[in-house]
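Chains A and B are the protein sequences, given in the same order.
In case it helps, numbering that gives the first Met the number 0 puts the first sequence at residues 0 to 558.
In case it helps, numbering that gives the first Met the number 0 puts the second sequence at residues 0 to 558.
First up is the structure itself, then whatever we jot down about it.
Number of protein chains: 2
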Amino acid sequence: MTEETKEIPIRTAEAPAAAAPEGEAGESKKGAKKAAAKAKKEAEKAAKAAEREKAAQVSSAAGGEDVAKENYGDSCYPSKISGLSMSLGDLAKEHVGKPIEFHGFLQTSRKQGAKMVFLELRAPGGGIGANVQDIQAIAAENTEGEDVVSRTMIKWIGGISLESAVEVQAIVKEPLEPVKSVSIGGFELHIQRIYLVASAPIQLAVSHEASSNNEAAIPGPTVGFATLLDNPAMRFRGTMFNSIAKVRNVVDFTFRSYMEENGFVLFYPPAMIGAASEGGANVFKIKYFETDAFLAQSPQFYKQMKIAGGQRRVYCVSPVFRAENANTSRHMTEFIGLDMEMQIEKDYSEVLLMLQGFLLRLFNLLPQKCRAEIDYIRKFYPSEEFLLPEPGKELILSFAEGQKLLREEGPEEFRNVSDDDDMSTPQEKALGALIKEKFKTDFYVLDKFPTSARPFYAYTDPANPNVTNAYDFFMRGQEILSGGQRFHKPEELEASMRNKGVDPNAPGLKEYVDVFRSVGCPKHGGGGIGLDRIVAWYLNLPNVQMVADFPRMPNRLFP
Amino acid sequence: MTEETKEIPIRTAEAPAAAAPEGEAGESKKGAKKAAAKAKKEAEKAAKAAEREKAAQVSSAAGGEDVAKENYGDSCYPSKISGLSMSLGDLAKEHVGKPIEFHGFLQTSRKQGAKMVFLELRAPGGGIGANVQDIQAIAAENTEGEDVVSRTMIKWIGGISLESAVEVQAIVKEPLEPVKSVSIGGFELHIQRIYLVASAPIQLAVSHEASSNNEAAIPGPTVGFATLLDNPAMRFRGTMFNSIAKVRNVVDFTFRSYMEENGFVLFYPPAMIGAASEGGANVFKIKYFETDAFLAQSPQFYKQMKIAGGQRRVYCVSPVFRAENANTSRHMTEFIGLDMEMQIEKDYSEVLLMLQGFLLRLFNLLPQKCRAEIDYIRKFYPSEEFLLPEPGKELILSFAEGQKLLREEGPEEFRNVSDDDDMSTPQEKALGALIKEKFKTDFYVLDKFPTSARPFYAYTDPANPNVTNAYDFFMRGQEILSGGQRFHKPEELEASMRNKGVDPNAPGLKEYVDVFRSVGCPKHGGGGIGLDRIVAWYLNLPNVQMVADFPRMPNRLFP
Numbered sequence: 000m001t002e003e004t005k006e007i008p009i010r011t012a013e014a015p016a017a018a019a020p021e022g023e024a025g026e027s028k029k030g031a032k033k034a035a036a037k038a039k040k041e042a043e044k045a046a047k048a049a050e051r052e053k054a055a056q057v058s059s060a061a062g063g064e065d066v067a068k069e070n071y072g073d074s075c076y077p078s079k080i081s082g083l084s085m086s087l088g089d090l091a092k093e094h095v096g097k098p099i100e101f102h103g104f105l106q107t108s109r110k111q112g113a114k115m116v117f118l119e120l121r122a123p124g125g126g127i128g129a130n131v132q133d134i135q136a137i138a139a140e141n142t143e144g145e146d147v148v149s150r151t152m153i154k155w156i157g158g159i160s161l162e163s164a165v166e167v168q169a170i171v172k173e174p175l176e177p178v179k180s181v182s183i184g185g186f187e188l189h190i191q192r193i194y195l196v197a198s199a200p201i202q203l204a205v206s207h208e209a210s211s212n213n214e215a216a217i218p219g220p221t222v223g224f225a226t227l228l229d230n231p232a233m234r235f236r237g238t239m240f241n242s243i244a245k246v247r248n249v250v251d252f253t254f255r256s257y258m259e260e261n262g263f264v265l266f267y268p269p270a271m272i273g274a275a276s277e278g279g280a281n282v283f284k285i286k287y288f289e290t291d292a293f294l295a296q297s298p299q300f301y302k303q304m305k306i307a308g309g310q311r312r313v314y315c316v317s318p319v320f321r322a323e324n325a326n327t328s329r330h331m332t333e334f335i336g337l338d339m340e341m342q343i344e345k346d347y348s349e350v351l352l353m354l355q356g357f358l359l360r361l362f363n364l365l366p367q368k369c370r371a372e373i374d375y376i377r378k379f380y381p382s383e384e385f386l387l388p389e390p391g392k393e394l395i396l397s398f399a400e401g402q403k404l405l406r407e408e409g410p411e412e413f414r415n416v417s418d419d420d421d422m423s424t425p426q427e428k429a430l431g432a433l434i435k436e437k438f439k440t441d442f443y444v445l446d447k448f449p450t451s452a453r454p455f456y457a458y459t460d461p462a463n464p465n466v467t468n469a470y471d472f473f474m475r476g477q478e479i480l481s482g483g484q485r486f487h488k489p490e491e492l493e494a495s496m497r498n499k500g501v502d503p504n505a506p507g508l509k510e511y512v513d514v515f516r517s518v519g520c521p522k523h524g525g526g527g528i529g530l531d532r533i534v535a536w537y538l539n540l541p542n543v544q545m546v547a548d549f550p551r552m553p554n555r556l557f558p
Numbered sequence: 000m001t002e003e004t005k006e007i008p009i010r011t012a013e014a015p016a017a018a019a020p021e022g023e024a025g026e027s028k029k030g031a032k033k034a035a036a037k038a039k040k041e042a043e044k045a046a047k048a049a050e051r052e053k054a055a056q057v058s059s060a061a062g063g064e065d066v067a068k069e070n071y072g073d074s075c076y077p078s079k080i081s082g083l084s085m086s087l088g089d090l091a092k093e094h095v096g097k098p099i100e101f102h103g104f105l106q107t108s109r110k111q112g113a114k115m116v117f118l119e120l121r122a123p124g125g126g127i128g129a130n131v132q133d134i135q136a137i138a139a140e141n142t143e144g145e146d147v148v149s150r151t152m153i154k155w156i157g158g159i160s161l162e163s164a165v166e167v168q169a170i171v172k173e174p175l176e177p178v179k180s181v182s183i184g185g186f187e188l189h190i191q192r193i194y195l196v197a198s199a200p201i202q203l204a205v206s207h208e209a210s211s212n213n214e215a216a217i218p219g220p221t222v223g224f225a226t227l228l229d230n231p232a233m234r235f236r237g238t239m240f241n242s243i244a245k246v247r248n249v250v251d252f253t254f255r256s257y258m259e260e261n262g263f264v265l266f267y268p269p270a271m272i273g274a275a276s277e278g279g280a281n282v283f284k285i286k287y288f289e290t291d292a293f294l295a296q297s298p299q300f301y302k303q304m305k306i307a308g309g310q311r312r313v314y315c316v317s318p319v320f321r322a323e324n325a326n327t328s329r330h331m332t333e334f335i336g337l338d339m340e341m342q343i344e345k346d347y348s349e350v351l352l353m354l355q356g357f358l359l360r361l362f363n364l365l366p367q368k369c370r371a372e373i374d375y376i377r378k379f380y381p382s383e384e385f386l387l388p389e390p391g392k393e394l395i396l397s398f399a400e401g402q403k404l405l406r407e408e409g410p411e412e413f414r415n416v417s418d419d420d421d422m423s424t425p426q427e428k429a430l431g432a433l434i435k436e437k438f439k440t441d442f443y444v445l446d447k448f449p450t451s452a453r454p455f456y457a458y459t460d461p462a463n464p465n466v467t468n469a470y471d472f473f474m475r476g477q478e479i480l481s482g483g484q485r486f487h488k489p490e491e492l493e494a495s496m497r498n499k500g501v502d503p504n505a506p507g508l509k510e511y512v513d514v515f516r517s518v519g520c521p522k523h524g525g526g527g528i529g530l531d532r533i534v535a536w537y538l539n540l541p542n543v544q545m546v547a548d549f550p551r552m553p554n555r556l557f558p
């Protein structure tokens, strides 16, 4: 398959239309859509024509040969541009009149007759998120001096397809009025040289976001999520997905810094394990030389080994794997877990409050650090501001209190829910709505889950053998975190296993219990959070797959 | 299997001997080994006796019942201790005379007659590395006041097995002379209350490090590496492995902070991929519902997709998987890769210098941040100080220059090495020795590898089609990093694939090439480093498995 026959039928939000062919100069954005159907053919023609004309056409300044021919064309080694190497965001008055280098992407292009072309250039992001760095650039006919710009050169520039990678040498100038359509509107670039690093295919006027540049929504065709996932590079260039990526990064780094500040030590649990230690359901099996291995469903046993090994507090940020054959909005087969485990000195509430402290800090930081991104995303996926409890009034209900609330004030179908049965997802959502109404918070904890609803390692409440020192955390009625105290004495752990019908001598489990037999292990507890879920539920996105760069689902392993 | 029948036949370096049974008080360290064989039986007897005697024995202060019985025993809920909650490292004069809480491990124990027992208590690490926090504690008979300590209590304390988890309430005092055997020697703890959180099995006098507490090596039996790997909690408690873990953490965080400072954005490549994209050799296969998936051998394609997607610079710290059935000192089937990829503005040397900058910073930081750890590890694994080039004189040889050096000055068997063939490991080591002698550096780069020795994605040097813009980095003659510029134009990439006999339409590869067809991708390059290898080669350890917490080898998937 060659480049010419491959077309990606989407364009980024930042690219309002295909390059306007010659003769349609000055065309408005609204008009651009009409031109789009013709754009591919015309631009291809124009590009080929430019090639032919480069040698043949008589430039305005010389006879027989294009005097500007060294100033454009394919990028080569060594590069022909030179100037100040700087970030667009650092442009200042002092740079006016000086040449700079730009390495980035052609975002929009608009020819104005034969003598001028207006471009929008976008810098590659380090700056992920809504705050893209783009700037207007102009190539205007110039027949004098060293930096000649010929009509042929202008025609060639007009033929560059949007989203191509380009390198540019240009003089910084101040526009008469700030340019509104770009983020760096106080300056513009007057092109001296421009080279094509790699050409994009022709972009069609189909948006993969429903609006552009914070203006009102553009009506018209959009693309499906599967198409976006099939085209990762195009998706990553969109403002929407960059904004989500920024929020995700802030969640990730807030977790890491909170953990470090509190004396937690980073470690790496293994992905491949020797036995399906949590019962064998939903585990991926690997062919491991002459035997089988499995992909870890949780780093929990390994966190506990670190605590038994004398660490006071540990955390990890690692992929975990769940072989659930469910194409739902909540599940991926691989996701990044934020996990922590800590020694308990007196009471497991030390763990619960540590986790709560992280989430409170996060929910307070996000609106500050990601204001522009959250606002941008809300244009397409509206969400109410995330309601937090007043400081000191954080909500921790027992599981039994939660069920009581559902029984007494919840929907009809939940009038008979029992304190001994786990909650279903619909129950959780109904409880979330009740709590939001009653306590004015989107964030709360359900504590003391019944023993019947927790795995064998959940520590029994010393004051009540029917419940555990284990909890779930909720955002907008959806669970995001599960954790609790674990058994630290081998004999108690083994008894709990037998009570649950689990064989303590099964492969993987024996090695686990042996850890507690090999030393005296401190009391400890922890919890794990799905990184994508926090982001998805915070932003009220329709699914968790939108948050991951390369989501894995039962029906998706590419790219 | 119950606790009583399970014995772990090793002890940590910090625990010089099993608890001395009553009547052998004051026994020397040398004598301890003789006592070890008897220790288990005696200590079990002692523990049971203590239980019986708790009720029956007449304490020195009261008739019929042990008046101290509330001050020791099993830990319970709520905890019976109270005092200042603080790190041992923060102890200061102002705390003298006050009670503190301690939650940690019993490290050594020595009874002195019936009226006194000396303990060493070790705090759990946040403070990983050689700088363990341990302190001397004393329980002495006290018949007056509230905080009575009875002889029965002292006997019970003497029976606690080493490496048990304990909680202690104690008054801070200043010893007459600093205690030399512990790190917090300026204070000691006078025990008021002590409870057993979880009991360790009896420890035998077999060291898993060859020396203890920075003193001269203890002669005597040691344990094999497999035994250590089978007992992770015990291994993690040793100073050696904590010191290695500290060095590893510093490498990891130096990479992360260097990347962040230079504008790189963290992302997560997937572990599960849809096709064995690098040819199918050495790839683990997963049963993925009705189809097959594979474990990623490298995040490279995904880094490139992020660059094509408009990111300027990205990095990741993620597990990668290699199904190499080789039990060597250099290989693990799963390891953590430090990976980066960046847009090239003018020349691929930008990437090479970025990576070199990281390693130079790291090698300058390590001796400062890990002095104690490096010195500790060298007692067992001697290594020379890592030689760095003078600033500004970093060594970058071309591959051809390296081969020439080998031909002209290397060992006899390398007199005929060719510029077109890849180097073998013995060649690399010989070259490392030559370079060290000639240029006085353990760190250098080999650049411009021949096209024949690099994969299809390696960018051809525009000035010489026989070599690539690709390089390896070396430490002490061993490769730690591989990287280079990659093709960014789909037609060039496809041509390179066909030249190498690789089908550009094969599953996984087609999706990869399509990424470059879908946009105009900037010039870019990157590199990847094995986290464990840097640590192992820097410390001159015998293998990389010693560096990982849970190493994975063809014959090891547990724990």
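Ideal placement from N, C-alpha and C gives every residue a C-beta, glycine not left out.
- A/Ala295: not part of any alpha helix (DSSP H); DSSP gives it neither H nor E.
- Ranked by Cα distance from A/Pro506, the options B/Asn504, B/Val534, B/Val350, B/Phe557 are led by B/Phe557.
- Restricting attention to B/Asn542, B/Ala295, B/Asp531, the CA atom closest to the CA of B/Asn248 is found in B/Asp531.
- With respect to the 8 Å criterion, B/Glu372 and B/Gly128 are classified as neighbours on the basis of their beta carbons.
- Closest option to B/Glu69, judged by alpha-carbon separation, among B/Val167, B/Gln132, B/Leu337, B/Lys110: B/Val167.
- Per DSSP, the beta-bridge partners of B/Thr467 are B/Thr459.
- Straight across, the Cα-Cα distance linking A/Arg255 with A/Gly527 is about 13 Å.
- By the criterion of a C-beta distance shorter than 6 Å, A/Leu480 is surrounded in its chain by Phe472, Gly526, Ile528, once the five residues flanking it on both sides are discounted.
- Following the DSSP letters along the chain, one finds A/Ser242 in no beta strand (DSSP E) but inside the alpha helix (DSSP H) bounded by residues 238-260.
- When Cβ-Cβ separations below 8 Å define contact, A/Cys520 makes contact with chain B.
- Among the bridge pairs identified by DSSP, B/His102 is matched with B/Glu166.
- Chain A places a beta carbon closer than 8 Å to that of B/Ala199, counting this residue as a contact.
- With the rule of 3 Cβ pairs closer than 8 Å, the segment 535-553 of chain A counts as touching the segment 309-329 of chain A.
- Within the segment 263-287 of chain B, those residues whose Cβ lies closer than 8 Å to any Cβ of chain A are, in chain order, Phe263, Val264, Leu265, Phe266, Tyr267, Pro268, Pro269, Ala270, Met271, Ile272, Gly273, Ala274, Phe283, Lys284, Ile285, Lys286, Tyr287.
- Excluding five sequence positions before and after A/His189, the CB atoms of its chain that fall closer than 6 Å to its own CB belong to Ile137, Ala169, Ile170, Lys172, given in chain order.
- DSSP places B/Ser481 in the uninterrupted beta strand (DSSP E) bounded by 477-485.
- Contacts with chain A (Cβ-Cβ distance below 7 Å) from the segment 449-462 of chain B involve Pro461, listed in chain order.
- In this structure, DSSP gives A/Phe472 an extended state, which the three-state scheme calls strand.
- The beta carbon of A/Gly72 does not come within 8 Å of any beta carbon belonging to chain B, so the residue lies off that interface.
- Under a criterion of Cβ atoms nearer than 7 Å, the residues of chain A adjacent to B/Glu510 are, in order, Phe557, Pro558.
- Non-local C-beta neighbours of B/Asn141 in its own chain, meaning closer than 8 Å and more than five positions away in sequence, comprise Val147, Val148, ordered along the chain.
- No Cβ of chain A is located within less than 8 Å of the beta carbon of B/Glu340.
- Of all residues in the segment 303-315 of chain B, the ones placed with a Cβ closer than 7 Å to any Cβ belonging to chain A are Met304, Lys305, Ala307, Gly308, Gly309, Gln310, Arg311, Arg312, in chain order.
- One Cα belongs to A/Val222, the other to A/Val282, and the distance between them is close to 34 Å.
- Chain A places a beta carbon closer than 8 Å to that of B/Met233, counting this residue as a contact.
- Within a 10 Å sphere around the beta-carbon of B/Gln402 sit 16 or more other beta-carbons, which makes this residue buried.
- B/Ser242 has its alpha-carbon roughly 8 Å from the corresponding atom of B/Tyr375.
- For a cut-off of 8 Å, the C-beta gap from B/Glu340 to B/Val313 is around 5 Å, short enough to register as a contact.
- Two segments are said to touch when three or more pairs of C-beta atoms, one from each, lie closer than 8 Å; by this definition the segment 489-506 of chain A does not touch the segment 439-448 of chain A.
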